[in-house]
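Asks: In this note's numbering, the protein residues as written are 62 to 292.
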């Protein structure tokens, strides 16, 4: 376990020199979570920031009726909990491990000090939050203007944003579960399964467990935009 107790693969710290990185590693606590473990809970008053070393987590909110709405799936290299550290407010979401997940935790005071002392961390944090705002805005528009099938396609295109497209193909590692995609698209798991099945029949995607290959990225985008040539 000691060999993975490093922050070098965490996006916020990727520009730091090794001796500075080591300083922050020594200030972290390291924790292992099993599958489906609640790491932080909505409305908690804790302030620590978490960095995903290995694994995946689900970020979700609960409605007044008790329905859980998945906001995001975060992979290794990402962080969560930064909002409460910055504004000193209760947790805005519940974060749950998807599989075995190893994290580093940093107190809010240390995190805020790191932002003050290292502009590269502050800039990366601003860019990260900008991305969240953009994605949230797009989803609001999608919810108002698109049908359920198109919202599923939109979520698939969101996943493509963090993938490298080569020769019109892309591979999405650790694809979110159908239920998580359904929650983000405000639809049902059955709708997601139907859309994926149709895409597979068209030869646009090929799936192997949690890995999804987009074999024709342009065709996927044309299908989403309702291009007449594709229809």
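Glycine is no exception: its CB is placed at the ideal position from the N, C-alpha and C atoms.
Go through its chain and collect everything with a Cβ distance to residue 142's Cβ below 7 Å, but skip five positions before and after it.
Replies: Correct list, in chain order: 101, 109, 110 and 111.
Asks: Using a Cβ distance threshold of 8 Å, determine whether the segment 160–174 contacts the segment 269–280, with at least three qualifying pairs required.
Replies: These segments do not touch.
Asks: Using only the alpha-carbon positions, how far apart do residue 261 and residue 213 sit?
Replies: Looking at the two C-alpha atoms, the distance is approximately 14 Å.
Asks: I'd like to know whether the C-beta atoms of residue 221 and residue 231 end up nearer to each other than 7 Å.
Replies: Closer than 7 Å, so yes.
Asks: May I have the straight-line CA-CA distance separating residue 291 from residue 275, to the nearest angstrom?
Replies: With a pLDDT of only 37 at residue 291, under 50, the local geometry of the prediction cannot be trusted, and the value read off the model is given with reservation. Their backbone Cα atoms lie some 16 Å apart in a straight line.
Asks: To the nearest whole angstrom, what separates the beta carbons of residue 99 and residue 155, a pair I think is in contact under 8 Å?
Replies: Contact holds; Cβ gap of about 7 Å.
Asks: Applying the criterion that 16 or more other CB atoms from any shown protein chain within 10 Å of the CB defines a buried residue, is residue 185 buried or exposed?
Replies: Buried is the call here.
Asks: Leaving out the 5 sequence neighbours to the left and right, which residues in its chain are closer than 6 Å to residue 215 when beta-carbon positions are compared?
Replies: For residue 215, where only same-chain residues beyond five positions count, the Cβ hits under 6 Å are 203.
Asks: Taking the runs of the alpha helix (DSSP H) that are 4 residues or longer, which of them lie wholly in the segment 214–271?
Replies: Counting whole runs of 4 or more residues, the segment 214–271 contains the alpha helix (DSSP H) stretches 239–245 and 250–262.
Asks: So, does the segment 82–94 touch the segment 123–143, judging by three or more C-beta pairs under 8 Å?
Replies: No: fewer than three Cβ pairs fall under 8 Å.
Asks: Would DSSP call residue 291 helix, strand or coil?
Replies: Confidence at residue 291 is low in this model, with a pLDDT of 37, below 50, so the placement of that residue is unreliable and no value is reported for it.
Asks: Let me know if residue 78 comes out buried or exposed under the rule of 16 or more other beta-carbons within 10 Å of its beta-carbon.
Replies: Exposed, since its Cβ has fewer than 16 Cβ neighbours within 10 Å.
Asks: Which of helix, strand or coil does DSSP assign to residue 76?
Replies: Three-state result, residue 76: coil.
Asks: Taking 8 Å as the threshold, find out whether the segment 239–254 comes into contact with the segment 195–210 through three or more Cβ pairs.
Replies: Contact between the segment 239–254 and the segment 195–210 is present, because at least three Cβ pairs lie under 8 Å.
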